[in-house]
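Presented below is the structure to which this report refers.
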Amino acid sequence: MGVRRRAGGFTLAVNPILCDGFGHCAELAPDLVHLDEWGYPIVERTPVALSNLSALESARFAVRGCPRQALRIERVAEEERRA
Ligand code: SF4
């Protein structure tokens, strides 16, 4: 069994073309997604550490729960996270 590295971080990215703006992602990942006045998601652009497992789990819930498959998790290298 290997050791999984938790270095680096992640951000959530929204594809605005696919997004329908019903805002399920903000319910599933309230710490990472807020809604604008029209209900479209505004994602936190500051990378979150991969070691923050509760935030990563929230992000995965949001990605899985997005009915339009408009969300994805983008990995950010440790160097970029610190920049
Ligand atoms: S759940 Fe998906 S489609 Fe709905 S607002 Fe969020 S990103 Fe857009």
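Counting from 1417, one number per residue, gives the positions in the sequence shown under the numbering used here.
Every residue gets a Cβ at the ideal spot worked out from N, C-alpha and C, and that includes glycine.
Quick check: what's the CA-CA separation for residue i versus residue j?
i     : j     : result
G1424 : P1463 : 9 Å
F1426 : A1442 : 17 Å
R1476 : I1489 : 8 Å
E1494 : L1487 : 22 Å
R1480 : W1454 : 22 Å
P1446 : A1471 : 10 Å
Which class does residue i belong to by DSSP, given the choice of helix, strand or coil?
i     : result
F1426 : strand
A1442 : helix
L1451 : strand
For residue i, which residues does DSSP report across the bridge?
i     : result
I1489 : L1428
I1458 : H1450
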